[in-house]
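So the structure is just underneath, and the comments pick up after that.
Protein chains: 2
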Amino acid sequence: MPQAQPTAVPSDGLTTRQRRNRPLLMVHTGDGKGKSTAAFGLALRGWNQGWSVGVFQFVKSAKWRIGEQTALEALDGLHTQDGTGGPIEWHKMGSGWSWSRRTGSEEDHAAQAAEGWAEIKRRLNEQRHRLYVLDEFTYPINWGWVDIDDVVATLRDRPGDQHVVVTGRRAHPDLLAVADLVTEMTKVKHPMDAGQKGQRGIEW
Amino acid sequence: MPQAQPTAVPSDGLTTRQRRNRPLLMVHTGDGKGKSTAAFGLALRGWNQGWSVGVFQFVKSAKWRIGEQTALEALDGLHTQDGTGGPIEWHKMGSGWSWSRRTGSEEDHAAQAAEGWAEIKRRLNEQRHRLYVLDEFTYPINWGWVDIDDVVATLRDRPGDQHVVVTGRRAHPDLLAVADLVTEMTKVKHPMDAGQKGQRGIEW
Chain V
1 MPQAQPTAVP SDGLTTRQRR NRPLLMVHTG DGKGKSTAAF GLALRGWNQG WSVGVFQFVK
61 SAKWRIGEQT ALEALDGLHT QDGTGGPIEW HKMGSGWSWS RRTGSEEDHA AQAAEGWAEI
121 KRRLNEQRHR LYVLDEFTYP INWGWVDIDD VVATLRDRPG DQHVVVTGRR AHPDLLAVAD
181 LVTEMTKVKH PMDAGQKGQR GIEW
Chain F
1001 MPQAQPTAVP SDGLTTRQRR NRPLLMVHTG DGKGKSTAAF GLALRGWNQG WSVGVFQFVK
1061 SAKWRIGEQT ALEALDGLHT QDGTGGPIEW HKMGSGWSWS RRTGSEEDHA AQAAEGWAEI
1121 KRRLNEQRHR LYVLDEFTYP INWGWVDIDD VVATLRDRPG DQHVVVTGRR AHPDLLAVAD
1181 LVTEMTKVKH PMDAGQKGQR GIEW
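Those protein sequences? They're chains V and F, same order as listed.
Note that our numbering has the first sequence beginning at 1, numbered continuously upward.
Note that our numbering has the second sequence beginning at 1001, numbered continuously upward.
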């Protein structure tokens, strides 16, 4: 409900416009469905604003191509074709990241996660994108593949107008502490509890 | 995480494949962000499967055009152009629904909500779409503009393979009772609490 009003006015010396356009660090966490889907929905909004959007998909296998990738790449194609919307890049871990030409070892997920994060740091420093989707990035943090202090400092001190959304279960408390917006997706009822498996179009 | 396994095997006489492809009634509720965004993310998955997707946006004013509408209509354009993905229709309340040529009164929201629901019932009966997004449909239900018993019976007894996702705060308990999947988006932290207003690309 975009009509909602702030419940407090801060004394940060910013004008309403400056405060309104302040770049956000968002986290979608919890055990429920919708963490990634909502992040990809945000990518639609960014595309519509003509923003450069970078999606970095951690954890999921390269064999697994989800519908959102095809759809967002189709929107990127419209941008290339006639300048509609913004450019969208989709990079995923699993058999080497898109920007590194070499094929990575499927086994060495830790090294791949670290490589992905190093590239994201470079891009944040260059202000390459306006919106970053770090999908399932909580897992490599929790598994110790990426250093949480480095993540917190990098995201907190990123330059310019760069929005970042991080998804995944069990987000690290230090990440939540620096986030501007945190939503917990809570599972109230799920078909898997009734013995139903995931299905195409719904889970991917 | 699509790797998740069912926690129970039901004795419903269905094969795994039949059970897997059973149409779902999904509800995104709670006070947190991401209810609608996640539903529009599901529309991307449906589009990618070549499904016919119908979005019915309740409550939001017709003057308010969100980024997802532009993006999903662009994807629909790709379908029309060369058959990529599926067709997506976006209908919204506010100055009359898209299918009714007359301009509705801005004031009579109750009648417009009832008209929207009547059309959705017709479409469910005709099996017009494979995925229905009933965005912010919990509000007209809670305000008594649409009869909850009618909603429950219609959605429960809908024919064929039609997935439905309903979004909005305070979903009616009877709706939750018949839903297959319920996610509650809980607000943990929101920039509005720190005095920040909504901004383009993030809230719309």
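Glycine included, C-beta positions come from ideal geometry on N, C-alpha and C.
Expressed to the nearest angstrom, what Euclidean distance is found between the alpha-carbon atoms of residue i and residue j?
| i | j | result |
| --- | --- | --- |
| Met1001/F | Asp1108/F | Residue placement at Met1001/F cannot be trusted, given a pLDDT of 43 that sits under 50; what the coordinates show is reported in the next sentence. The straight-line gap from Cα to Cα measures roughly 43 Å. |
| Leu176/V | His190/V | 26 Å |
| Phe1137/F | His1172/F | 10 Å |
| Met205/V | Thr1186/F | The structure shown does not extend to residue 205/V, since chain V is modelled only from 1 to 204, so the question has no answer here. |
| Asp180/V | Arg156/V | 10 Å |
| Glu203/V | Trp1143/F | 32 Å |
| Ala194/V | His1163/F | 17 Å |
| Ile66/V | Gly13/V | 44 Å |
| Arg1123/F | Gln1081/F | 24 Å |
| Ala1192/F | Ala118/V | Looking at the sequence provided, one finds Met at residue 1192/F rather than Ala. C-alpha separation (whole angstroms): 32 Å. |
| Lys1035/F | Ser98/V | 31 Å |
| Thr84/V | Gly50/V | 7 Å |
| Val188/V | Asp1150/F | 23 Å |
| Leu1042/F | Met93/V | 22 Å |
| Asn21/V | Phe1040/F | 24 Å |
| Leu1078/F | Leu1131/F | 18 Å |
| Pro23/V | Ile1148/F | 41 Å |
| Lys33/V | Lys1033/F | 13 Å |
| Asp1076/F | Asp76/V | 14 Å |
Between residue i and chain F, is there a C-beta pair that is closer than 8 Å?
| i | result |
| --- | --- |
| Ala179/V | yes |
| Glu68/V | yes |
| Ala113/V | no |
| Leu78/V | yes |
| His210/V | Nothing can be reported for residue 210/V, as the shown portion of chain V is limited to 1 through 204. |
| His91/V | no |
| His163/V | yes |
| Leu134/V | no |
| Trp204/V | yes |
Interface residues of chain F around residue i at Cβ under 7 Å?
| i | result |
| --- | --- |
| Pro191/V | Leu1024, Asp1180, Leu1181 |
Listing by chain order, which chain V residues have their CB less than 8 Å from the CB of residue i?
| i | result |
| --- | --- |
| Thr1186/F | Gly30, Thr183, Glu184, Met185, Thr186 |
| Trp1047/F | Gly67, Ala71 |
| Leu1075/F | Ala71, Ala74, Leu75 |
Am I right that residue i and residue j are in contact with their C-beta atoms under 8 Å? What's the rounded C-beta distance?
| i | j | result |
| --- | --- | --- |
| Phe56/V | Val133/V | 7 Å |
| Val1053/F | His1129/F | 6 Å |
| Gly1160/F | Gln1127/F | 4 Å |
| Val152/V | Asp174/V | 5 Å |
| Thr1029/F | Arg1170/F | 7 Å |
| Lys197/V | Thr154/V | The pair is not a contact, with the Cβ atoms about 38 Å apart (cut-off 8 Å). |
Which one of the options has the shortest CA to CA distance from residue i?
| i | options | result |
| --- | --- | --- |
| Pro140/V | Glu115/V, Thr154/V, Lys35/V | Glu115/V |
| Glu1089/F | Leu1155/F, Asp1031/F, Leu1024/F, Ala1074/F | Ala1074/F |
| Gly86/V | Ser95/V, Ser36/V, Leu44/V | Leu44/V |
| Gly1046/F | Ala111/V, Asp174/V, Trp99/V, Leu72/V | Leu72/V |
| Gln69/V | Asn1048/F, Asp1082/F, Leu1078/F, Thr1080/F | Asn1048/F |
| Thr1037/F | Asp1135/F, Gln1127/F, Phe1058/F, Gln1196/F | Asp1135/F |
| Leu1025/F | Gly1050/F, Lys1197/F, Thr1183/F | Thr1183/F |
| Gly168/V | Asp31/V, Gln127/V, Asp76/V, Ala111/V | Asp31/V |
| His1091/F | Ser1100/F, Gln1199/F, Trp1145/F | Ser1100/F |
| Asn1125/F | Arg1158/F, Arg1022/F, Gly1096/F | Arg1158/F |
| Gly1096/F | Leu1131/F, Phe1058/F, His1079/F, Leu1078/F | Phe1058/F |
How would you list, in chain order, the residues of chain V whose beta-carbon sits under 7 Å from the beta-carbon of residue i?
| i | result |
| --- | --- |
| Lys1033/F | Leu181, Thr183 |
| Phe1040/F | Gly41, Leu44 |
When you measure from the CB of residue i to every non-hydrogen atom of the ligand FAD, does any distance come out below 7 Å?
| i | result |
| --- | --- |
| Ala177/V | In the structure on display, the ligand FAD does not appear, and there are no ligands present to speak of. |
Can you name the residues of chain V whose CB is closer than 9 Å to the CB of residue i?
| i | result |
| --- | --- |
| Asn1021/F | Gln199, Arg200 |
| Leu1124/F | Simply none; closest approach about 17 Å. |
| Thr1037/F | Gly34, Thr37, Ala38, Ala39, Phe40, Gly41, Leu42, Leu44, Arg45 |
Closer than 9 Å by beta-carbon distance: list the chain F residues that pair up with residue i, in chain order.
| i | result |
| --- | --- |
| Gly160/V | The premise fails here: Gly160/V is roughly 14 Å from chain F at the closest Cβ pair, so nothing lies under 9 Å. |
| Thr167/V | Within 9 Å Cβ-Cβ: nothing; Thr167/V doesn't reach chain F, min ~10 Å. |
Can you confirm whether residue i, when its beta carbon is compared against all beta carbons of chain V, has any partner nearer than 8 Å?
| i | result |
| --- | --- |
| Gln1196/F | yes |
| Thr1154/F | no |
| His1109/F | no |
| Trp1051/F | yes |
| Trp1145/F | no |
| Pro1002/F | No answer about Pro1002/F holds up, because its pLDDT of 47 lies below 50 and its placement is not dependable. |
| Gly1013/F | no |
List the residues of chain F whose Cβ lies closer than 8 Å to the Cβ of residue i, in chain order.
| i | result |
| --- | --- |
| Gly85/V | Thr1070, Ala1071, Ala1074 |
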